[in-house]
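**Q** Numbering (my numbering), first residue to last: 178 to 385. Quick one: the structure is below, questions incoming.
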């Protein structure tokens, strides 16, 4: 018996390489051999399990899945993510965790503003305090990043499964998942714009 995912992308929102990936995901239920055929001729099944995870996560899924599996056998089920440690809220945005990214960035900016007020006469102390905040969030996301992403993936997949018909669910998993490099540039722009221009202007009357 052959199980085929169906791609319903009539609005054309799904990137071409993602459409191709879905159309090649058919496999024999007995031997697991991949079979290539036109998705339009296939029958609809609800995407679930690791097949749905792979489609949603897309890039580096095998590595991420291994990290999740290793974390299951550790205290508190936590692992370590170097990308999350090195890129902090930018990594969250890259993985389409927009609310979490904005939350972390906003907290960092607010603490920066507070240190500029409290340590206005101590530039070295202000820089050390701001660097300490960034290091704290880097370590926090390095330890919690993969776990946070796993929760995000499970929640988004469950939401898509509940809201969409099987045919459309495949397309939505591919569209709403994967990564967003433009979000990284957007977060960088807002971070530096707020940090270098908006916040100093807001604090100027306090330091005048």
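Glycine residues also receive a C-beta, built at the ideal position from the N, C-alpha and C atoms.
What do you get for residue 305, buried or exposed, if any count of 16 or more other CB atoms within 10 angstroms of its CB means buried?
**A** Exposed, since its Cβ has fewer than 16 Cβ neighbours within 10 Å.
**Q** Classify residue 254 as buried or exposed, calling it buried when 16 or more other Cβ atoms lie within 10 Å of its own Cβ.
**A** By the 10 Å Cβ count, residue 254 comes out exposed.
**Q** Can residue 368 and residue 282 be called in contact, C-beta distance under 9 Å?
**A** Yes; because the gap between Cβ atoms is below 9 Å, this pair is in contact.
**Q** For residue 386, name the three-state secondary structure that DSSP assigns.
**A** Given that the chain is displayed from residue 178 to residue 385, the structure contains no residue 386 and the question cannot be resolved.
**Q** Expressed to the nearest angstrom, what Euclidean distance is found between the alpha-carbon atoms of residue 231 and residue 363?
**A** Between residue 231 and residue 363, the C-alpha separation is close to 26 Å.
**Q** Out of 353, 371, 370, point me to the one whose CA is closest to residue 273's CA.
**A** Of the candidates 353, 371, 370, the one whose C-alpha sits nearest the C-alpha of residue 273 is 353.
**Q** Can you list, in chain order, the residues of its chain with a C-beta nearer than 6 Å to that of residue 277? Leave out the 5 residues immediately preceding and following it.
**A** 269.
**Q** Nearest CA to the CA of residue 267: which residue from 349, 280, 251?
**A** Residue 280 is the option with its Cα nearest to residue 267.
**Q** For residue 356 and residue 235, which I take to be in contact (beta-carbon distance under 8 Å), what is that distance rounded to the nearest angstrom?
**A** That pair is a contact at about 7 Å.
**Q** Is residue 239 helix, strand or coil by DSSP?
**A** It is helical.
**Q** Just verifying my parser: in three-state terms, what is the DSSP assignment at residue 354?
**A** Reduced to three states, the DSSP call for residue 354 is coil.
**Q** Measure the alpha-carbon distance for residue 246 versus residue 325 and round it to whole angstroms.
**A** Between residue 246 and residue 325, the C-alpha separation is close to 14 Å.
**Q** Can you name the start and end residues of the alpha helix (DSSP H) that residue 329 belongs to?
**A** 300-340 is the span of the alpha helix (DSSP H), which, as asked, contains residue 329.
**Q** Would you kindly work out how many angstroms separate the C-alpha atoms of residue 292 and residue 284, rounded to a whole number?
**A** Between residue 292 and residue 284, the C-alpha separation is close to 12 Å.
**Q** Using only alpha-carbon positions, find the residue among 313, 312, 301, 262 that is nearest to residue 322.
**A** Closest by alpha carbon: 262.
**Q** Buried or exposed for residue 350, going by 16 or more other Cβ atoms inside 10 Å?
**A** That one is buried.
**Q** Pull up the distance between the alpha-carbon of residue 327 and that of residue 249, whole angstroms please.
**A** Roughly 12 Å between the two C-alpha positions.
**Q** If you draw a straight line from the C-alpha of residue 242 to the C-alpha of residue 301, how long is it?
**A** Cα to Cα, residue 242 sits roughly 42 Å from residue 301.
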